[in-house]
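Asks: Residue numbers (the working numbering): 168 to 351. Even for Gly, the Cβ is constructed at its ideal location relative to N, Cα and C.
#1: Which residue marks the beginning of the beta strand (DSSP E) containing residue 245, and which one marks its end?
#2: I'd like to know whether the C-beta atoms of residue 297 and residue 346 end up nearer to each other than 7 Å.
#3: Could you check if residue 212 is buried or exposed, using at least 16 other CB atoms within 10 Å of its CB as the buried criterion?
#4: To which residues of the same chain is residue 293 closer than 6 Å at the C-beta, ignoring the five residues directly before and after it?
#5: Would you give the residue range spanned by the alpha helix (DSSP H) that residue 289 belongs to?
#6: Between which residues of its own chain and residue 240 is the CB-CB distance below 6 Å, once the five residues before and five after are set aside?
#7: Compute the distance between the beta-carbons of residue 191 and residue 323, then report whether it is under 7 Å.
#8: Go through its chain and collect everything with a Cβ distance to residue 170's Cβ below 8 Å, but skip five positions before and after it.
#9: Determine the direct distance from the alpha carbon of residue 325 to that of residue 181, and round the result to whole angstroms.
#10: From residue 330 to residue 260, what does the alpha carbon distance come to, in whole angstroms?
#11: By the DSSP assignment, the alpha helix (DSSP H) with residue 236 in it spans what residues?
#12: Suppose you measure from the CA of residue 279 to the CA of residue 334; what does that come to, to the nearest Å?
#13: Excluding five sequence neighbours on each side, which residues of the same chain lie with their C-beta closer than 8 Å to the C-beta of residue 289?
#14: List the whole-angstrom C-beta distance separating residue 183 from residue 218, where the pair is believed to meet the contact cut-off of C-beta under 8 Å.
#15: Would residue 305 and residue 349 be called neighbours here (beta carbons separated by less than 7 Å)?
#16: Roughly how many angstroms lie between the CA atoms of residue 343 and residue 299, to the nearest whole one?
#17: Could you name the residues that DSSP lists as bridge partners for residue 180?
#18: Going by the DSSP bridge assignment, what does residue 173 pair with across the sheet?
#19: Quick one: what's got a C-beta closer than 6 Å to residue 271's C-beta in the same chain, skipping five residues either side?
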């Protein structure tokens, strides 16, 4: 018998000064048995960074054909595709053909650096792709914020992400490895 996902609830208050986006979101997050707390929190962080009325979590780890998050238009066209970690080049290229904008949010310290060095030359040719990397120390701290029910505040200003709960505060300055040449 397969182990089922654990359900987490998060109330996420977002103040994104870079995009003039201010909103509260009630999220239900399925934590897959093979997923780490760090990865789940990075999914929440990715949601906060790209938040919009139509951004949604997908089946993620349990479905190879879907990203972690996506945003579709009212006509069901793929507007935004968000991957986490170090996806292979073939998967990224496929996503870039399917979506107007693709973001890879890399993490994992030295492993992420190696992945980027191996893929940089091929990926920099893709016009609708953006790749950022999250520092390992910050993502480790994010993992420490996990609770079954969370109240999180997230502020984004000048590309710097600050996320906090009632006991902890984490500041993350993503490394911009590649920014799309297509403006949205």
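Replies: Here's the rundown:
#1: First-last of the beta strand (DSSP E) with residue 245: 245-251.
#2: Yes, these two residues count as a Cβ contact at 7 Å.
#3: So residue 212 ends up on the buried side.
#4: If we look at residue 293 and ignore the five residues flanking it on each side, its Cβ neighbours are 263.
#5: If you look at residue 289, you'll find it in the alpha helix (DSSP H) that goes 277-290.
#6: If we look at residue 240 and ignore the five residues flanking it on each side, its Cβ neighbours are 246.
#7: With contacts defined as CB atoms closer than 7 Å, residue 191 and residue 323 fail to qualify as a contacting pair.
#8: Scanning its chain for C-beta atoms nearer than 8 Å, with the 5 sequence neighbours on each side dropped, one finds around residue 170 the residues 200, in chain order.
#9: Each residue's alpha carbon lies about 15 Å from the other.
#10: Each residue's Cα considered, the two are about 31 Å apart.
#11: For residue 236, no alpha helix (DSSP H) encloses it; the enclosing beta strand (DSSP E) starts and ends at 236-239.
#12: Each residue's alpha carbon lies about 29 Å from the other.
#13: Within the same chain, residue 289 has close Cβ partners 256.
#14: Correct: roughly 7 Å between the Cβ atoms.
#15: Taking C-beta atoms as the reference points, residue 305 and residue 349 fail to come closer than 7 Å.
#16: A direct Cα-to-Cα measurement between residue 343 and residue 299 gives close to 5 Å.
#17: Its beta-bridge partners are 191, 320.
#18: Note: residue 173 sits in a beta bridge opposite 198.
#19: For residue 271, the CB contacts under 6 Å within the same chain, skipping 5 residues up- and downstream, are 250, 298 in chain order.
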